[in-house]
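Working notes, beginning with the structure itself.
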Amino acid sequence: MALLFWLPTRGVYETEIGGQRVVALDDGTQVRLDTHTRIRVRFASGERRIVLEQGQALFTVAHDATRPFKVEAGGTEVTALGTVFDVRRESTGARVTLVEGSVAVTDVQAETRNWRLTPGQQVQTSRRDPAPVAVDATVETSWSQGHLVFRGTPLRDAVAEVNRYLPDKIVLAAGPASEVAVNGSFATGDRDAFVAAVSDLFGLSAQPQADGGVRLTARSVGG
2 MALLFWLPTR
12 GVYETEIGGQ
22 RVVALDDGTQ
32 VRLDTHTRIR
42 VRFASGERRI
52 VLEQGQALFT
62 VAHDATRPFK
72 VEAGGTEVTA
82 LGTVFDVRRE
92 STGARVTLVE
102 GSVAVTDVQA
112 ETRNWRLTPG
122 QQVQTSRRDP
132 APVAVDATVE
142 TSWSQGHLVF
152 RGTPLRDAVA
162 EVNRYLPDKI
172 VLAAGPASEV
182 AVNGSFATGD
192 RDAFVAAVSD
202 LFGLSAQPQA
212 DGGVRLTARS
222 VGG
C-alpha cells in the first residue's frame with residue numbers, strides 16, 4: 002500500500018511597487034498579491050499557513066477541513082476553511098475584509114480579542130477598540146481588478162492610497178483641500194489621470210518635482 006505524505010512547502014512570493022501577481026498554491030488556493038507585497042508560504046501536514054510580511058493580498062481558499070488555512074499578519078491571525086477574504090498588513094495589526102464564507106480573526110497577543118466575520122464585514126485590529134463593521138467588499142477589493150474606488154474619501158487618504166502604486170509619489174500640500182471628499186474610480190498606477198481629475202475638481206496646481214514626484218497645491222487667485 003502506498004503511503005502519501007504532504008511535504009512541507011516553503012516559498013516566498015512578492016511584488017514591487019506598482020506590481021500585482023496571482024500565485025497558485027499547491028493546495029489549489031489562489032492568492033492575488035497587491036503592490037509592494039511579500040508573503041511566505043508554510044504548508045505542512047496539519048496546517049496551511051501564510052505569513053503576510055508586508056502589503057495586501059486577496060485569498061481564494063481551497064476547502065480542506067483537515068488542514069486549516071491561516072494567514073498571519075502583524076500579530077493578527079485569520080483562520081478559514083474555504084472562503085474569499087482580503088488581508089492588508091498595517092504598521093500594527095491588520096485590516097481583514099471578508100468577501101465570501103466565514104473567517105475567525107484573532108489578536109495573537111490577546112486571544113480574548115477575537116472576531117468571526119460574515120460576508121461584507123471588515124475588522125481593523127490596529128484600532129483601540131476593534132469591532133467588525135459593514136463595508137462594500139467590492140469596493141474594498143477593487144484593487145484586485147486594477148482599480149481604486151473612492152466614495153467620500155478625504156483627498157489626503159485618496160492620495161495615500163494612490164501613492165502605494167507609485168514609485169514617484171504625489172505630495173499634497175497642507176490645507177483645506179486635504180479634507181475634501183473624492184468620489185470616483187481610478188486605474189492603479191495611473192498617476193496622471195488621478196492628478197488631472199483632482200486638480201480640475203478642487204482647483205489645485207500640479208507642480209513636477211526634481212525627484213520625479215508631483216506636488217499638489219492650491220491655485221493662487223487668478224491662477
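For what it's worth, my numbering labels the leading residue of the sequence shown as 2, then goes sequentially. Every residue gets a Cβ at the ideal spot worked out from N, C-alpha and C, and that includes glycine.
Item to check | Test item: CB-CB of R33 and Q21 under 8 Å | outcome: If you number the sequence shown from 1, residue 33 lands on position 32. If you number the sequence shown from 1, residue 21 lands on position 20. Yes, Cβ-Cβ distance for R33 and Q21 is below 8 Å.
Checklist entry - Per DSSP, which one or two residues make a beta bridge with G185? => result Counting from 1 along the sequence shown, the entry for residue 185 is found at position 184. For G185, which the question treats as bridged, DSSP gives the partners F151.
Next on the checklist: Measuring only the C-alpha atoms, how far is A159 from S46?
Outcome noted: What you label residue 159 is simply residue 158 of the sequence shown in a count that begins at 1. What you label residue 46 is simply residue 45 of the sequence shown in a count that begins at 1. A159 and S46: Cα-Cα distance of roughly 43 Å.
Next on the checklist: Let me check one thing: in DSSP terms, what residues is E101 bridge-paired to?
Outcome noted: By one-based count along the sequence shown, residue 101 stands at place 100. DSSP, once it has assigned bridges, lists V85 as partnering E101.
Checklist entry - By Cβ distance, which residues of its chain are closer than 7 Å to V183, with the 5 residues on each side in sequence left out? => result Position 182 of the sequence shown, counted from the first residue, corresponds to residue 183. Excluding residues within five positions, the ones whose Cβ falls inside 7 Å are F151, T154, L156, A159 and V199.
Checklist entry - With 16 other CB atoms within 10 Å as the buried threshold, where does P9 fall? => result For the purposes of this step, residue 9 is taken as residue 8 along the sequence shown, with counting starting at 1. Its pLDDT being 45, under 50, P9 is placed unreliably by the model, and nothing is read from it.
Checklist entry - How is the alpha helix (DSSP H) around A138 delimited, first residue to last? => result Taking the first residue of the sequence shown as 1, we reach residue 138 at position 137. Taken as a continuous stretch (DSSP letters only), the alpha helix (DSSP H) holding A138 covers A138 to E141.
Item to check | Endpoints, alpha helix (DSSP H) assigned at L156 | outcome: Here residue 156 is taken as the residue at index 155 of the sequence shown, counted from 1. Segment L156 to N164, the alpha helix (DSSP H) holding L156.
Item to check | For S206, the first and last residue of its enclosing beta strand (DSSP E) | outcome: The count along the sequence shown starts at 1 and reaches residue 206 at position 205. Run containing S206: L205 to P209, per the beta strand (DSSP E) assignment.
Item to check | Residue from G83, T67, Y14 and D28 with nearest C-alpha to Q57 | outcome: Indexing the sequence shown from 1 puts residue 57 at position 56. Nearest C-alpha to Q57: Y14.
Checklist entry - What first and last residue would you give for the beta strand (DSSP E) that runs through R167? => result In the sequence shown, counting from the first residue as 1, residue 167 sits at position 166. Rather than Arg, the amino acid found at residue 167 in this sequence is Leu. Here L167 belongs to no beta strand (DSSP E), and DSSP marks it neither H nor E.
Checklist entry - Rounded to a whole number of angstroms, what is the C-alpha to C-alpha distance between A207 and V181? => result Start at 1 with the first residue of the sequence shown, and residue 207 comes out as number 206. Start at 1 with the first residue of the sequence shown, and residue 181 comes out as number 180. Near 17 Å, if we compare the C-alpha coordinates of V181 and A207.
Item to check | Q110 - partner residues in DSSP beta bridges | outcome: Taking the first residue of the sequence shown as position 1, residue 110 is located at position 109. None; Q110 has no bridge partner.
Checklist entry - Measuring CA to CA, which of E101, G185 and A194 is closest to I171? => result Counting from 1 along the sequence shown, the entry for residue 171 is found at position 170. The candidate whose alpha carbon is nearest that of I171 is A194.
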